[in-house]
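Taken in sequence, the protein lines are chains E and S. Each residue of the first sequence is one higher than the one before, starting from 1 at the first, in my numbering. Each residue of the second sequence is one higher than the one before, starting from 101 at the first, in my numbering. Just so it is clear, CB atoms sit at the ideal spot from N, CA and C, and this is done for glycine as well. Nothing here was measured: the structure is a model prediction, and the numbers come from that model. Accompanying notes for the structure given below.
2 protein chains.
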Amino acid sequence: MSDVFSALSSPVRREILSMLKDRDMTAGDIADHLDVGKSTLSGHFNVLKAADLVSTSRSGTTITYSLNTSVVEEMLAALVGMFGHGEDEGN
Amino acid sequence: MSDVFSALSSPVRREILSMLKDRDMTAGDIADHLDVGKSTLSGHFNVLKAADLVSTSRSGTTITYSLNTSVVEEMLAALVGMFGHGEDEGN
DNA sequence: ATATTATTTCGGTATTTAGCGAAATACAGA
DNA sequence: TCTGTATTTCGCTAAATACCGAAATAATAT
Chain E
1 MSDVFSALSS
11 PVRREILSML
21 KDRDMTAGDI
31 ADHLDVGKST
41 LSGHFNVLKA
51 ADLVSTSRSG
61 TTITYSLNTS
71 VVEEMLAALV
81 GMFGHGEDEG
91 N
Chain S
101 MSDVFSALSS
111 PVRREILSML
121 KDRDMTAGDI
131 ADHLDVGKST
141 LSGHFNVLKA
151 ADLVSTSRSG
161 TTITYSLNTS
171 VVEEMLAALV
181 GMFGHGEDEG
191 N
């Protein structure tokens, strides 16, 4: 859980995830849309992979990133479990 | 958003929030349940306040913390907005 | 005014993080 | 094998974070 939340705490990484929601993208593709160096971006990818929020597939020299929807859903479920068990929300 | 996620990225802070879900508690109360120094805990409180996840009320020398349920709900909504707009989840 | 209790601020150290450019690696094609 | 393209790893620096104990602040009571 900590890994997921700290991954989400960076605007750059949230932007990456947001792009991946729409379509899978290569590292270079993503780099073209963001204003950080490629090596920096690679570090962000590592954080996202460690949190299991994205997965990769290689095709030749290009690596394609895709969003791990299930992990996002697990996190949402965990949040609901953490905060959503109150009894007095009648709205 | 960044503030909320980075606040949630600490296990100590998540534990605090989890306790506050059940009942309001004073700083000292919370300190008795966690294995960190009071000054450290005070730092965590500042992070939670900056993220607007908790609010405080003073009564004499004791300060009572309570969970800001609405902010949690807003965050959940933001997450759904970020990840939950896919069209192909038929389950 | 002084003492007591609750909490925060201060000063310090150690660890983690984000960022960069340069060099290294991985693969495909000539 | 050499070249080109895509991506990552390696050093490095700067800034942020977590932690502690000691000192400071806040409020109440004597």
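Does the Cβ of residue i have 16 or more other Cβ atoms within 10 Å, making it buried, or fewer, making it exposed?
{"i": "Val54 (chain E)", "result": "buried"}
{"i": "Ser57 (chain E)", "result": "exposed"}
{"i": "Ala151 (chain S)", "result": "buried"}
{"i": "Val136 (chain S)", "result": "exposed"}
{"i": "Ala177 (chain S)", "result": "exposed"}
{"i": "Val172 (chain S)", "result": "buried"}
{"i": "Val4 (chain E)", "result": "buried"}
{"i": "Val47 (chain E)", "result": "buried"}
{"i": "Asp88 (chain E)", "result": "With a pLDDT of 41 at Asp88 (chain E), under the threshold of 50, the modelled position of this residue cannot be trusted, and the question is left open."}
{"i": "Met75 (chain E)", "result": "buried"}
{"i": "Asn191 (chain S)", "result": "At Asn191 (chain S), the pLDDT of 32 sits below 50, so the modelled position is not reliable and the matter cannot be decided from this model."}
Could you tell me whether the Cβ atoms of residue i and residue j are closer together than 7 Å?
{"i": "Arg14 (chain E)", "j": "His44 (chain E)", "result": "no"}
{"i": "Thr126 (chain S)", "j": "Thr169 (chain S)", "result": "no"}
{"i": "Leu118 (chain S)", "j": "Met82 (chain E)", "result": "Before going further, note that residue 118 (chain S) is Ser rather than Leu in the sequence given. In contact: Ser118 (chain S) and Met82 (chain E) (Cβ atoms closer than 7 Å)."}
{"i": "Ser110 (chain S)", "j": "Ser9 (chain E)", "result": "no"}
{"i": "Thr164 (chain S)", "j": "Asp132 (chain S)", "result": "no"}
{"i": "Leu79 (chain E)", "j": "Lys21 (chain E)", "result": "no"}
Chain S partners of residue i, CB-CB under 9 Å?
{"i": "Arg14 (chain E)", "result": "Met101, Ser102, Phe105, Met182"}
{"i": "Val97 (chain E)", "result": "In the structure as shown, chain E starts at 1 and stops at 91, and residue 97 (chain E) therefore has no counterpart that could be examined."}
{"i": "Val54 (chain E)", "result": "Neighbours of Val54 (chain E) on chain S: none; closest Cβ ~12 Å, over 9 Å."}
{"i": "Val72 (chain E)", "result": "Leu179, Met182, Phe183, Gly184"}
{"i": "Leu76 (chain E)", "result": "Leu176, Leu179, Val180, Phe183, Gly184"}
{"i": "Ser18 (chain E)", "result": "Met182, Phe183"}
Report yes if the C-beta of residue i is less than 6 Å from at least one heavy atom of the ligand GDP; otherwise report no.
{"i": "Ser159 (chain S)", "result": "Judged by which ligands are present, the structure shown has none, so any question about the ligand GDP falls away."}
Give the interface partners of residue i over in chain S, defined as CB-CB distance under 7 Å, in chain order.
{"i": "Leu99 (chain E)", "result": "Given a span of 1 to 91 for chain E in the structure shown, any question on residue 99 (chain E) remains unanswerable."}
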